[in-house]
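I have placed the structure first, in the form of structure tokens, so that the comments after it can refer back to it.
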Amino acid sequence: MNFAGKVVLITGASSGIGAAAAETFAKLGASLVLTGRNIENLKEVAVKCSGVNQLPLVVPGDVTKEADNEKLVAATLEKYGKLDVLVNNAGIIETGNIENTNMEQYDRVMNTNIRSIYHLTMLAVPHLVKTKGNIVNVSSVNGIRSFPGVLAYNISKMAVDQFTRCVALELAAKGVRCNCVNPGVTVTNLHKRGGMDDETYDKFLKHSQTTHALGRPGTADEVAQAIAFLASDLASFSTGVSLPVDGGRHAMCPR
Ligand code: NDP
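Residue 8 is where the sequence shown starts when you use this note's numbering, and the numbers rise one by one after that.
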């Protein structure tokens, strides 16, 4: 995998999978654009990426705000003059089932996890067409399997998979690929930010040893490697793919 001369934009680069993806792409020679809301975290990630290439362009922003997405794409073009890879990674999880969820939760989760991807991809596509670039979305095992208790999240991630396939078909003739990764439980800040306390999270990770065939949760780095693969020329004949990075969890059934 070699991203020398390629411009890669990563959302949610301030933490977890996005931060790991930033470091992975940096090691592979990419010129980076990093975005997220937490400026301090973004700067720390940027410094970690800067050993290999020039310092990444950091553009703080909220992916649910259309003006921020417009600024993000404009800043990318202004700095690098092109875009080769869009990694739609930013996302949130919230617990809630059909008996206790509410429309505010639905809007928050859907706006962050799918509406933002819809909008940012829309803005990026004219530039990706010019470079015959590609898109990698970060979905979830929840996009391809069903779990109770995180209803809005499940729906938002299922939408990411459908979006991935449809966009792949729409852009294939123009030489633009679109794929997604579907991580299983991955050790990041996601679940604690979604409301789990330390003790519950420890139990959740222990339980993950039984819910993932490979007997453990995954690391952000493992997901980052899969994102880089799909974005690279090694995956030149893959589009519309949902790639599980979940220790086999998608294939498991209770027995
Ligand atoms: P983290 O909480 O560690 O990181 C989430 C990232 O998303 C942060 O960089 C955060 O940035 C960003 N983000 C969230 N909301 C917004 C927003 N409104 N605007 C801009 N950025 C935003 O979690 P992960 O790294 O785990 O999550 C990354 C992706 O991976 C998500 O889409 C998640 O659903 C998916 N995933 C994670 C799994 C896991 O077990 N961890 C499993 C399956 C999928 P900031 O706070 O700076 O805005």
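C-beta: ideal position from N, C-alpha, C; glycine also.
Quick check on Ile100: buried or exposed, where buried means 16 or more other Cβ atoms within 10 Å of its Cβ?
buried
Under three-state DSSP, which class holds Cys260?
coil
Note down, one range per segment and in chain order, each alpha helix (DSSP H) of at least 4 residues found wholly within the segment 57 to 96.
73 to 87
Flag this pair as yes or no: are the beta carbons of Thr108 and Asn144 separated by less than 8 Å?
no
Could you tell me the alpha carbon to alpha carbon distance between Leu130 and Ala20, rounded to whole angstroms?
When rounded, the distance between both Cα atoms is 19 Å.
Which two residues bound the contiguous alpha helix (DSSP H) that contains Ile24?
Judged by DSSP secondary structure, Ile24 falls within the alpha helix (DSSP H) whose first and last residues are Gly23 to Lys34.
Counting only beta-carbon atoms, is Ile105 nearer than 8 Å to chain C?
Absent from the structure: chain C. Only one protein chain is present.
Measure from the alpha carbon of Leu49 to the alpha carbon of each residue in Phe32, Ile17 and Gln169, then state which is nearest.
Ile17
Would you mind stating whether Val52 and Leu62 have Cβ atoms separated by less than 8 Å?
no
Please check the pair Leu90 and Gly140, which I expect to be a contact at CB under 8 Å, by giving their CB distance rounded to whole angstroms.
6 Å
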